[in-house]
Every structure is written in structure tokens, then in C-alpha cells.
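Just so you know, the sequences run in chain order W and L. Everything in the first sequence is counted per the numbering used here, starting at 3 for the first residue and increasing by one. Everything in the second sequence is counted per the numbering used here, starting at 7 for the first residue and increasing by one. We put the CB at the ideal spot given by N, CA and C, even for glycine. One structure is given here, and the rest of the page talks about it.
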Amino acid sequence: MPIRKSYFFLVCCLSILVLLPLFIGEYGLMILILICINVLLASSLRISMNAGQFNFGIPAFMAIGAYGSALMTMKLGFPPILAFFAAGMLSAIVSLIVGYPSLRIKHVYFLMLTLGFVEIVKALAIRWDSLTGGPTGLPGIPPFSIAGFKLVTKISQYYFTLFSSLVILLVLYRLEKSRFGLIIKSIEQAEDLGETVGINTYTYKMLAFAISSFFCGLTGSLYAHNMAFIEPTLFGFLLAIFVVVYCFVGGLDNFAGPIAGAVLLSILTEPLRGFQAYERIFFAIILVLVVIFLPGGIISLPAKLSPSIGRLRCIKKR
Amino acid sequence: MTFNLFIQSVLIGMNLAAIYALMALGLTLMFGILGIVNLTHGAIFMLGAYGLYYIYGVLGLNFFLAMMLTVVVLGIFGLFMERILYRPVDGHFAPVIAITLAVMILFETGGNLIFGYEPKGVMAPVTGVSTILGVSLSNYRLVTILIGAILVIALYYLIHRTKVGIAMRAVEEDKVAATLQGINVNRINAIVFCLGTGLAAAAGAVTAPIYSILPTMGNLPLSKAFMVIILGGMGSIPGAIVGAIVIGLADSLLAVTVGIELAYVFAWVLVILVLIFRPRGLLGAY
């Protein structure tokens, strides 16, 4: 029964997502696109987390994807779809360069290096203004085009983003259930044991990091071509914090956790957009509360509540 | 670069090194003994600067008294944080990081709301300029170097010559064995947290008269302190001091030659190179 139940739930969600554009305006569609982007970021962070790597570099790799893809289409004349994949590859390659020195030792170094890497990428985006447009940002990025049809309207952009997010999530899900997913999970739980049974943990950690960065790059490209404008301050430390909070609040033990966290928090903080201070305080408080009182995240809430609900039912029957 | 400019940068570099050393020592102690990577450190630095601003600048108390008061108050505050926030999730890497992250955002944003966005400043308690090797430097910067050196030596004495210090090193080496010797590990953890917080507050208070006081002022020293402890070796106290001097000098010398933002990038590149060729850091044990 549970399998059929979850399929039913998935189909419901999907049909809601597909039908939603009929009921909301252009602004709503933009928020939905942003939620898709947040979901993708949180899910790609989860791969790193699964390998036991606390990765703060999400915004940096998203920036590399966004700037890479935008510049490839604008300066080199790549078609946006090609630039989309090239941006992912670019992020993955850069992540291998960053991961090479930092993944060899303790995970703490990795945390700090990714933290610094965000600032480095931001500083470069600001300073290298002949290429990136400097602090004022990079306007006029062309939208995606499929078979000569340009995705200019928000509705077409939404469907494209939704479709590509679902494909990416499916790939991530299959990856997690594969042998690779099991191996990186084992690295998180007992790295020494993994080494003893013959797993090259260093290679797998690099791979996990590169895959995580690859999907961040794709997400960055999605963002750049849909919003048509990017600026360096978007990809700062704050974004890293938000993505980490999505993961923790949703729950890291479950594939659906980061997705649930990203969707829930994006919707909850939508009224706070423009009041940055309160938005941050909200994030901080909810993070502390979840980590201390609900370590499994909100995704573990139904399982925690079900015994008491079951008890209530028993009482009613009697 | 002329000789005078070089000497000037070296002196300012030593001044930066004193501040970075105070920050990095707290971080490296907490990492070595508690196993915490404390992202709240920058916010404590900021609170230290504001504490000095309010006690010395607004209330008009003596500077050194104000500094001590700030350090003590924030140190006690650190004790509470350890008890309420960190002990419940003790021993788990990711949740601890999440908690420090949350506290950092809370302090920084709370600071923005309470203290306001406009920069504040205090007068240095020691005025005047002295000339060293044909270069003039404000006396307060020299005092900063002195305060940094005194605190570092005091910490070194505490860790190597006192009973509490020996207990700390025992906990760092092996928690279980330390417990078996009758050391109260929880109490040592609390003391270390209090000490680290106090050092960060001292760094902030010392810096307050030099830079403008802002709620976001702690971020840069925090990332510099990270560089310092990676460079020197995580958990190593001599490493933190050597790393602070290297990063401080690199900072001031690179800032006058290539500009501040690129200096930041170069400093990280330096750290990455050290990680590639000497993964333990310059003086790290592991």
C-alpha cells in the first residue's frame, strides 16, 4: 500500500504543478520558477551532504553556471541549450580543482575552503567587469530556445523550468538509489570502514562534489536564462545559508526532505521578501528550533506524529 | 615599492597579525578541544567592538576597564551559549555547524536592527604618532600589537603551566581517558568556549578604535581567522600565531601592491597551495 499511496501523492503534486499556471499571474509564475531553483539547489547540496561534506560553495557554483552560460550565449554565440549543459560541465570542472586539495584531509578544511571560494567567485565577478559587467550586473541574457521557438513568455519558461527540474530530480533520485549513492552514504557513516572494504573514498568524495556542482551549474544557467539578469550580490554567502537551512529544515535523511524544506520555506518567506532583516531572523530561529527539537526535519514529522494519531483512533473506536 | 612603504606595511601587517591571532586562537582552541567550527566567532568580534563603543565611547569609562568589562561579559555570555545551544547537539558535526550558522545570522541581523546600519567610531585612548625606522605609525596601533602579544603569552602560560590548561590538553587528546582521570569534560568544554569567546571579544574591542564599527564587521576577520588556522594547522596554537603573522603580512603587503579585493583572492590561493603541498598546515599535528 505505501508505494501506491506515494505514487498517488506524486501524481497529485504533478497535476497541481502543471495546472497551477492557469490560476496565477505572471508574478506568481516567477515565484514558482524561483521555488524550482531553490529545490534544485537544496537537492544538489544533499549529494554533498550525503557524502559527509558540508558544502557552503553552492552559490559559487551556481554563479559559475549562471555567468558561464550567459557569457557563452552572449559573447561566443552558443545556443542556450548547449550553454546550459556546458555551464554544468564548467562548474563540475572548477569543483574538481577546488576539491582536489580540500577533500584529501578532514571535512573541516572543505567547509572553510568552500566558504572562502564563495567570496573569491563573488570578488572576481565584481572585479572582472570587462567580462562580467561588474557590480551592476549582467543584463539582457537571451532566453532558452527550443527548435527555433524562443521561450519569451513566463508561462513557457515555467513549463521548461518545471520539466528540467523534474528530470534533474529524477536523475538525482536514481543516482541516490544506485550503487554510487550507497557508496557515498557509506563514506558519510564510516569512512574508515569504507576504505577497509576497498572503496577509494577520495575519488568518490570528489565525484559526489563534482556531481553536486554540476547540478548547481545547471541551476545557475536555468536562473540566468529565465531571469535575463544576474548580479554578483545574488551569489553571496546569504544564498549558501538559505540552501543549508532548506536542507536542515526539510530533513537530510530523506530524498524528499530538501525538496519539502525548500518549497515550504520559499512559500513561508515570500511575504517577507523586501524585509531582509526579518527574513534572516526567521531563517535563523527556525534553523535552531529544527536542529534542537526535530533533528529529522519536517519530513520526519508524520512518522513522529503517527503513533499518537493511531492512539487517538483506537480511543475513538472504543 | 619604496623601503619606507615596505616598513610601513610590515608594521601594519603586525598590527593585523595581532588581531588575527586573537581571533584564530579562540577558533583553534574550540576546534581542537570541542571539535566545533565556530561560525559565531565573527559576530562575537562585532559584539566586542560594540561593547567597547557603548562602555568606553558612550559611558566614558576608562578604555582598559571597558575592554576588560566587555571581555568578561561576553565570556559569560559564551558560557550560556555553550550550555543552551551547543551541549544539546554535542558531538555531531553538521548540526553544530547549523547552530553556529543560525546564531551568527541572528547576531548580525539583530545587530543591524538594534545598533543601526550607520558606522560608528570611538577615539583611540592613546593618541600621537611615533617614528620607527623613518616611518610614522600611530601609537594606538603599537599598543594593539602589545595587547595582542600580552594576551597570546598569557594564553600560552594558561595552557602549558596551569592545571586547567593541562586538563584542556588532556581532553583534546582523548576525551574518554580524560574522564577516567577525573576531569570534568563538560566543565572543560565550557571553559574553552568561554575563553574563545572572550578572545574574540578582546580582538573586537581592540580593533574598535581603528576601523569603523558596523554590524557586518566580523565577517572579514572570521574568514581571515579561517585562513590562519588552515595555514598554521587546525588545533595548533603555535600554528595559529605563525599563521596570523604570515596572513597579516601578506594582507598588508598585497593590499598596497595589487589592491584589497585581489589581495583577498591571493591570500586564499596561498592557503590552497599550503593545503596541496603540506596538508597538515605549517605546524599542524594531524
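Cα-Cα separation between alanine 262/W and lysine 207/W, rounded to whole angstroms: Counting from one through the first sequence, the residue named residue 262/W turns up at place 260. Counting from one through the first sequence, the residue named residue 207/W turns up at place 205. So the two alpha carbons sit approximately 26 Å from each other.
Any 3 or more C-beta pairs closer than 8 Å across the stretch 75–86 of chain L and the stretch 199–207 of chain L: Cβ pair count under 8 Å is three or more, so yes.
Alpha helix (DSSP H) runs wholly inside the stretch 185–211 of chain W, at least 4 long, in chain order: Here the runs fully enclosed are 193–198.
Run of the alpha helix (DSSP H) containing serine 71/W, from where it starts to where it stops: Counted from its first residue, the first sequence places residue 71/W at position 69. Its alpha helix (DSSP H) spans residues 60–76.
Chain-ordered neighbours of isoleucine 243/W on chain L, where CB pairs are closer than 7 Å: Within the first sequence, residue 243/W is the residue found at index 241, counting from 1. By Cβ distance, chain L contributes Leu107, Ile111.
Residue(s) in a DSSP beta bridge with leucine 141/L: Reading the second sequence from its first residue, position 135 is the one you call residue 141/L. Checking the sequence, you will find valine at residue 141/L rather than leucine. Residue pairing by DSSP places valine 141/L opposite Ile138/L in a beta bridge.
Cut-off 7 Å between Cβ atoms - residues of its own chain near methionine 3/W, not counting five sequence neighbours on either side: If you number the first sequence from 1, residue 3/W lands on position 1. In this prediction, methionine 3/W scores a pLDDT of 44, lower than 50, which makes its location untrustworthy; no coordinate-derived value is stated.
Buried/exposed call for glutamine 130/W, threshold 16 Cβ in 10 Å: Position 128 of the first sequence, counting from 1, holds the residue named residue 130/W. In the sequence as displayed, the identity of residue 130/W is tryptophan instead of glutamine. Classification of tryptophan 130/W: exposed, given that the 10 Å Cβ count is below 16.
Pairwise C-alpha distance: alanine 258/W and cysteine 14/W: What you label residue 14/W is simply residue 12 of the first sequence in a count that begins at 1. What you label residue 258/W is simply residue 256 of the first sequence in a count that begins at 1. Our two residues, cysteine 14/W and alanine 258/W, have alpha carbons roughly 15 Å apart in a direct line.
CA-to-CA distance, leucine 220/W to tyrosine 270/L, given in whole angstroms: On the second sequence, residue 270/L is found 264 positions in, with the first residue counted as 1. On the first sequence, residue 220/W is found 218 positions in, with the first residue counted as 1. Taking the straight line from one Cα to the other gives about 28 Å.
Distance CB(glutamine 159/W)-CB(isoleucine 35/W) smaller than 8 Å: The count along the first sequence starts at 1 and reaches residue 159/W at position 157. The count along the first sequence starts at 1 and reaches residue 35/W at position 33. The answer is yes: Cβ separation under 8 Å.
Spatial distance of alanine 6/L from isoleucine 111/L (CA atoms): There is no way to answer for residue 6/L, as the model of chain L reaches only from 7 to 292.
Inter-residue Cα distance where the pair is alanine 89/W and isoleucine 311/W: Mapped onto the first sequence, residue 89/W falls at position 87. Mapped onto the first sequence, residue 311/W falls at position 309. A straight line joining the alpha-carbon of alanine 89/W with that of isoleucine 311/W spans about 48 Å.
Of the residues Asn44/L, Gly84/L, Leu276/L, the one placed nearest glycine 54/L, counting alpha carbons only: For the purposes of this step, residue 54/L is taken as the residue at position 48 of the second sequence. Of Asn44/L, Gly84/L, Leu276/L, the residue nearest in Cα terms is Gly84/L.
Contact set for glycine 57/L: own chain, Cβ-Cβ below 6 Å, skip 5 residues either direction: On the second sequence, residue 57/L is found 51 positions in, with the first residue counted as 1. Excluding its 5 nearest sequence neighbours in each direction, glycine 57/L has C-beta neighbours in its own chain below 6 Å: Thr76, listed in chain order.
Alpha-carbon spacing of leucine 143/L relative to asparagine 68/L, whole angstroms: Counting from 1 along the second sequence, the entry for residue 143/L is found at position 137. Counting from 1 along the second sequence, the entry for residue 68/L is found at position 62. Between leucine 143/L and asparagine 68/L, the C-alpha separation is close to 23 Å.
Nearest-angstrom beta carbon gap, leucine 92/W and leucine 133/W [assumed within contact, 8 Å]: Numbered from its first residue, the first sequence carries residue 133/W at position 131. Numbered from its first residue, the first sequence carries residue 92/W at position 90. Not confirmed; about 14 Å, so no contact.
Closest residue to serine 258/L among Ser15/L, Ala246/L, Glu267/L (Cα-Cα distance): Numbered from 1 along the second sequence, position 252 holds the residue referred to as residue 258/L. Closest option to serine 258/L, Cα to Cα, is Ser15/L.
Proximal residues to valine 275/L (C-beta, below 8 Å), its chain only, five neighbours per side dropped: The count along the second sequence starts at 1 and reaches residue 275/L at position 269. Cβ neighbours of valine 275/L beyond the five flanking positions: none.
Strand pairing of proline 141/W, partner residues [DSSP]: As a position in the first sequence, residue 141/W is number 139, starting the count at 1. Paired residue(s): Phe231/W.
CB contact check: valine 234/L to chain W, cutoff 8 Å: For the purposes of this step, residue 234/L is taken as residue 228 along the second sequence, with counting starting at 1. Answer no: the Cβ-Cβ gap between valine 234/L and chain W never drops below 8 Å.
Interfacial residues, the stretch 213–237 of chain W to chain L, with Cβ spacing under 7 Å: Taking 7 Å as the Cβ-Cβ cut-off against chain L, none of the residues of the stretch 213–237 of chain W qualify.
Burial state of glycine 127/L, where buried means 16 or more other Cβ atoms lie within 10 Å: Locating residue 127/L in the second sequence gives position 121, counting from the first residue. If you draw a 10 Å sphere on the C-beta of glycine 127/L, you find fewer than 16 other C-beta atoms in it, and that means exposed.
Cβ of asparagine 68/L within 8 Å of any chain W Cβ: Within the second sequence, numbered from 1, the residue matching residue 68/L stands at position 62. Answer no: the Cβ-Cβ gap between asparagine 68/L and chain W never drops below 8 Å.
Own chain, CB closer than 6 Å to phenylalanine 56/W, minus 5 neighbours either side, in chain order: Locating residue 56/W in the first sequence gives position 54, where the first residue counts as 1. Beyond the five residues adjoining it in sequence on each side, phenylalanine 56/W comes within less than 6 Å, by CB distance, of Leu113 in the same chain, given in chain order.
Run of the alpha helix (DSSP H) containing leucine 98/L, from where it starts to where it stops: Position 92 of the second sequence holds residue 98/L. The sequence shown places histidine at residue 98/L, rather than the leucine named in the question. Run containing histidine 98/L: none; DSSP gives neither H nor E here.
Chain L contact for glycine 79/W (CB, 8 Å cutoff): Counted from its first residue, the first sequence places residue 79/W at position 77. With a threshold of 8 Å between beta carbons, glycine 79/W makes no contact with chain L.
Proximal chain W residues relative to proline 94/L, where beta-carbon distance stays under 8 Å: Mapped onto the second sequence, residue 94/L falls at position 88. Under the 8 Å cutoff, chain W gives Ile294.
Nearest neighbour of isoleucine 103/L, chosen from Val100/W, Met51/W, Met64/W, Pro141/W [CA to CA]: To locate residue 103/L, count along the second sequence from 1; it is residue 97. Closest in C-alpha terms to isoleucine 103/L, from the list Val100/W, Met51/W, Met64/W, Pro141/W, comes Met51/W.
Residues sharing a beta bridge with serine 167/W, DSSP: The residue given as residue 167/W occupies position 165 in the first sequence. Paired residue(s): none; serine 167/W is not in a bridge.
Under 7 Å by beta carbon: chain W residues contacting glutamate 179/L: Taking the second sequence and counting its residues from 1, one reaches residue 179/L at position 173. Those within 7 Å of glutamate 179/L in chain W number zero; the least Cβ separation is about 17 Å.
Straight-line Cα distance separating tyrosine 59/L from leucine 35/L: Indexing the second sequence from 1 puts residue 35/L at position 29. Indexing the second sequence from 1 puts residue 59/L at position 53. Cα to Cα, leucine 35/L sits roughly 27 Å from tyrosine 59/L.
Backbone secondary structure at serine 242/L - three-state DSSP: Here residue 242/L refers to the residue found at position 236 of the second sequence. In this structure, serine 242/L counts as coil in the three-state DSSP scheme.
For phenylalanine 217/W, the three-state DSSP class (helix, strand or coil): Translated into positions along the first sequence, residue 217/W becomes position 215. In this structure, phenylalanine 217/W counts as helix in the three-state DSSP scheme.
Whole-Å CB distance - proline 141/W paired with valine 154/W, under 8 Å assumed: Translated into the one-based positions of the first sequence, residue 141/W becomes position 139. Translated into the one-based positions of the first sequence, residue 154/W becomes position 152. Taking a contact as a CB-CB distance under 8 Å, the pair proline 141/W and valine 154/W does not count as one, their CB atoms being some 16 Å apart.
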